[in-house]
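Residue numbers (this note's numbering), protein chains in the order written: chain S, 56 to 324; chain D, 2 to 222; chain B, 4 to 302. Comments concern the structure below.
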Amino acid sequence: MSQRIIIPGDSLSIETEGIKTSIGPGIYKNPKSQKVIPSSAGILNVKVNKKNTNQVVYTDSNSKRYIPQANDFVIGIVVGVIGEQYKIQLQEYSTNVLLSMMAFPNATKKNRPNLKNGQAVYARVSQAIPEIDIEIECIDPVTGKDGGFGLLDESGYIFDVNLNFARELLFNPSNIFLETLASRCQFEIAIGINGKIWIKCGDGLKIDKDETKDEKEDDDEDTPRKVDTSNSYLKDLKATLAAARFLTRCQFIRPEELDNELTEAFRAN
Amino acid sequence: MSHQVETGVLSRSDGSAQLTIGSTKVITSVNGPTEPKARQELPNLASLEIVIRPAQGLPTTREKLLEDKLRSLLQTIIIRYKYPRQLIQIVVQFLSSEGKSNVFTNNELSAAINCAFYALIDANIALNYSFAAVSVSLNEGKYLKDPAWKQLSESDSHHVICFSIQDGKAEKLLLLESQGDFSEEEVFDTIAKSVAECEKVHQDQRKFIGEKIDRDFIWKA
Amino acid sequence: MISANERLFLIESLKNGIRQDSRKLDQLRETHIYISPEEYGYVEVSWGHTKVSVRVSAAIDKPFEDRPFEGIFSINCDISSMASQKFDNYKVGNDEVLIGRIIEKAIRRSNAVDLENLCIVAGSKVWKIQVDANFLNYDGGLIDVGSFAVMLALQHFKKPDISIEDDVVIVHDVDQRQPVPLSILHVPVCLTYSFFTPYTREQILKGDTEEIWAMDATMKEEEVRDGMLVITMNKNRELIQLSKNGGVPIDASLLVELGMKGMQEVDRLTDMMRDVLKKDEKERYERGNLKLLEVGAAR
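Below, the structure is given as structure tokens:
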């Protein structure tokens, strides 16, 4: 497929008469002139269905700053509580989004989730109207079950990647990066389209369950969790950090350098 | 004079670019859309925070004036209605600029505009169209692009011209800054000549953006 | 805000001597230095992702009335939101003040630049040396990188040569006469140690803990640290500044240990500055064909 790079100011040169057009990222329809224009520089994608009745137009480009869209899967960090809602940070310095305490499976007024500041959740953007506060939820609206959403526990590490790379990992089932990583170690991963990735190799950072319960009772939030000090924990900790390092590096290298990078990332430490 | 451009130079910014034209070197960062301070927030569009910092010493009224010019230009180019209640922060830091006496801001303004373009593209901020600027001087009617400080100081007049670019062609005149001694005829002539120069700048832009996109998707097989 | 996950991982790995970027606890990040080939006194320095540009400039001014024999020397370290959105463009934050003060104390107040050497005509004309440090990208260690870059730029800078004829000061263009370097009395180097205490308050007070420390912290590490210590020293084994503003208490003997350890890095960084300046000097010499101008050159 030949790639066409388009930048703002270029004509889209697509037929819009007699065909239903959906516009995606990087394409803007001017409300006054009704003109459809490219608003960012990227690779142009035009996908027309077989009957020639529908088409989708969007550009593929990279950015670091996430703009919430409905139905996106994101990883957010709890930064506060207002009333019955958590304030969730999707990216540093971005406007916080809201997560209702009722937007959890089986949540009631009495049975609320108990999230602390700093904890991470995997959630779906349920409403993204830029003029008002954006909302996310940790529940599958169809089944009413968790659907894989909810708290991402502290056994996994969280790190940031560019948005185009996060999309590749999440949407391209044949991407080679996770497969390459899997050849090296077992891991569990959650990918947020907002460029945050939660990963744990093996058991990750093992937190002794009994100890944490004790900790919860005293109020001091700064009290660190007791961590399992058996030998395998160091191995898993190192592997998790190495995996994060590997995926971070993947964004800047050619596919043929992957194996080399994998060895490199796991050799350090 | 050829432009040297590097994008994505700062890891902490959402978008950044470094541009060198002759002895003017400038670095620009773009952050946004992010959360504005309460007093900056606009209910239906994005607010712009533009800061220009000189290569030497503290910012003065000279930088404030440049900020104002850049703001008037960018606020029509950026599709601000796409980011209501958000903030877009643009910091232009000159690293070196020629001439000690701070009299001329021609090359600085044109470099700031061109550098801001690359940084905005790098940050993936929605733009209505592309734009390109040139700095020119006229000496006894002789048209000179990107004049050095010495040539500027000997010239009769100097101008900064910025055009919007549509389909690779200069379309609308977005900004014209003229100073010195010149006739109406001369200024129209200068604008006409600058059309081709802005288009040349744009050809460079296209090349650099192509390279940038290749780099962004380097991991793609 | 940093996630609890990252915080826990950072602390746990530091406990085991592991860092996110696979450095050792006492290892500084890789340094990149760019020295302007045309100008004197413009440098760009990066340690890892942290990047700083410094420009030194000189102008002739009137001295302060109470110090007629001394030149004027000032360092300007404003931090804009270019470095990180943590820094406000219009308001000077606490971190910013601290960074500026520590760099100023290390360099200006330790008399790194000989001010009397900047005097031209006592009481009426002196050199005013202005240092502008611009922080371009923030990933921790602004004090260390900033002071390193300022000292490098000061050593690289040359001011135009002057002569005085009948009370008139003539400034010679750099092209006409070789410019003169500043008189640098010593080269202070700042090293920041970050402390982490994954222990409860009672454990610390009982004293059965050992402080975890790391040099040249990244932004993430700075965010989770419980205290920091800045030691400024020079190659002559002189201690210039100790700055420990609150935070977790540390063992007094650790202070001595860190000071001794830091000496190696001070030596290494000072030598690094010397080497890059030597290289630059050599390149300029060759580019400018200065050999032809030497006394012994064949004409």
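Just so you know, even glycine gets a beta-carbon here, dropped at the ideal spot from N, CA and C.
Cα-Cα, which of the options is closest to residue i?
i: L245 of chain B; options: B:H35, B:A136 and B:K108; result: B:K108
i: G64 of chain S; options: D:K208, D:L128 and D:D190; result: D:L128
i: A173 of chain D; options: D:K208, D:A193 and D:V104; result: For the sequence presented, residue 173 of chain D should be read as Lys rather than Ala. Selected option, being the one with the closest Cα: D:A193.
i: I98 of chain S; options: S:D291, S:G79 and S:E311; result: S:G79
i: V129 of chain B; options: B:I167, B:G143 and B:V153; result: B:I167
i: Q144 of chain S; options: S:Q241, S:A299 and S:I189; result: S:I189
i: A197 of chain D; options: D:E186, D:H159, D:H160 and D:F164; result: D:F164
i: F118 of chain D; options: D:A47, D:G181, D:V92 and D:E187; result: D:V92
i: A221 of chain S; options: S:Y212, S:I252, S:I62 and S:D208; result: S:I252
i: E224 of chain B; options: B:L13, B:D169, B:S6 and B:D176; result: B:L13
i: E36 of chain D; options: B:R104, B:H175 and B:K89; result: B:K89
i: H203 of chain D; options: D:C116, D:W150, D:Q152 and D:Q41; result: D:C116
i: P85 of chain D; options: D:Q19, D:K151, D:L74 and D:Q41; result: D:Q41
i: G33 of chain D; options: S:F232, S:I60, S:L67 and S:Y121; result: S:Y121
For residue i, is the classification buried or exposed, using 16 other Cβ atoms within 10 angstroms of its Cβ as the cut-off for buried?
i: D277 of chain S; result: Because D277 of chain S carries a pLDDT of 46, less than 50, the predicted location of this residue cannot be relied on, and the following value inherits that uncertainty. Exposed, since its Cβ has fewer than 16 Cβ neighbours within 10 Å.
i: E263 of chain B; result: Checking the sequence shown, residue 263 of chain B turns out to be Met, not Glu. Exposed is the call here.
i: V46 of chain B; result: buried
i: D215 of chain D; result: exposed
i: K165 of chain S; result: exposed
i: A39 of chain D; result: exposed
i: D269 of chain S; result: Because D269 of chain S sits at a pLDDT of 40, beneath the cut-off of 50, its placement in the model cannot be relied upon, and the following sentence gives the value as read from the coordinates. So D269 of chain S counts as exposed.
i: K26 of chain D; result: buried
i: L236 of chain S; result: buried
i: Q179 of chain B; result: exposed
i: R26 of chain B; result: buried
i: P86 of chain S; result: exposed
Within the continuous alpha helix (DSSP H) that includes residue i, where are the two ends?
i: W41 of chain S; result: Outside the displayed span of chain S (56 to 324) sits residue 41 of chain S, for which this structure offers no information.
i: G203 of chain S; result: Taken as a continuous stretch (DSSP letters only), G203 of chain S belongs to no alpha helix (DSSP H), as it is neither H nor E.
i: G262 of chain B; result: A255 to R290
i: C193 of chain S; result: Counting along the chain, C193 of chain S falls outside any alpha helix (DSSP H), and DSSP gives it neither H nor E.
i: C240 of chain S; result: That residue, C240 of chain S, is in no alpha helix (DSSP H); it is neither H nor E in DSSP.
i: K201 of chain D; result: E185 to D217
Taking the C-alpha atoms as reference points, what is the distance between residue i and residue j?
i: D205 of chain D; j: A120 of chain D; result: 15 angstroms
i: E272 of chain S; j: I215 of chain B; result: Unreliable positioning characterises E272 of chain S in this predicted model, as indicated by a pLDDT of 39, which lies under 50. The coordinate reading is nonetheless provided below. Roughly 27 angstroms separates the two Cα atoms.
i: A113 of chain D; j: V135 of chain D; result: 11 angstroms
i: R322 of chain S; j: K293 of chain S; result: 10 angstroms
i: K171 of chain S; j: G16 of chain D; result: 32 angstroms
i: R111 of chain B; j: S138 of chain D; result: 43 angstroms
i: E284 of chain B; j: F199 of chain B; result: 42 angstroms
i: S77 of chain S; j: Q110 of chain S; result: 6 angstroms
i: A320 of chain S; j: R239 of chain S; result: 11 angstroms
i: G299 of chain B; j: F160 of chain B; result: 27 angstroms
i: V112 of chain S; j: I62 of chain S; result: 14 angstroms
i: P310 of chain S; j: K221 of chain D; result: 7 angstroms
i: T108 of chain S; j: K75 of chain S; result: 6 angstroms
i: K146 of chain D; j: R277 of chain B; result: 40 angstroms
i: Q206 of chain B; j: L75 of chain D; result: 57 angstroms
i: E73 of chain B; j: L121 of chain B; result: 6 angstroms
The beta strand (DSSP E) with residue i in it runs from where to where?
i: V124 of chain B; result: C122 to V124
i: D168 of chain D; result: No beta strand (DSSP E) contains D168 of chain D, which DSSP labels as neither H nor E.
i: R179 of chain S; result: A175 to Q182
i: N140 of chain D; result: S131 to N140
i: I89 of chain D; result: L88 to S97
Please list the partners that residue i has in chain D, where partner means a Cβ-to-Cβ separation under 7 angstroms.
i: R58 of chain B; result: A56 and Q57
i: S127 of chain B; result: Ordered by position in chain D, no residue passes the 7 angstroms Cβ test against S127 of chain B, which lies about 22 angstroms from the chain.
i: P123 of chain S; result: Result: empty, since nearest Cβ-Cβ is about 10 angstroms, beyond 7 angstroms.
So residue i contacts chain B; which residues on that side make the cut at Cβ distance below 7 angstroms?
i: E243 of chain S; result: Per Cβ cutoff of 7 angstroms: no residues; E243 of chain S is ~13 angstroms from chain B at best.
i: I28 of chain D; result: L139
i: Y148 of chain S; result: Q88
Could you name the residues of chain D that residue i contacts, counting a contact when the two beta carbons are closer than 8 angstroms?
i: E42 of chain B; result: S97
Quick check: is any heavy atom of the ligand FMN less than 7 angstroms from the C-beta of residue i?
i: L71 of chain D; result: This structure lacks the ligand FMN, and indeed carries no ligand of any kind.
At 7 angstroms on the CB atoms, spell out the chain S contacts of residue i, in chain order.
i: Q76 of chain D; result: Going along chain S, no residue has its Cβ under 7 angstroms from Q76 of chain D, so there is no contact; the nearest lies around 15 angstroms.
i: M236 of chain B; result: Ordered by position in chain S, no residue passes the 7 angstroms Cβ test against M236 of chain B, which lies about 30 angstroms from the chain.
i: Q23 of chain B; result: L296
i: S16 of chain B; result: L292 and L296
i: N19 of chain B; result: L289
Under 8 angstroms between beta-carbons, which chain S residues line up against residue i? List them in chain order, please.
i: E9 of chain B; result: Y212, I213 and F214
Between residue i and chain A, is any beta-carbon pair separated by less than 8 angstroms?
i: V134 of chain S; result: No chain A appears in the structure shown, which is made up of the protein chains S, D and B.
Name the chain B residues whose beta carbon is nearer than 9 angstroms to that of residue i?
i: R72 of chain D; result: Result: empty, since nearest Cβ-Cβ is about 14 angstroms, beyond 9 angstroms.
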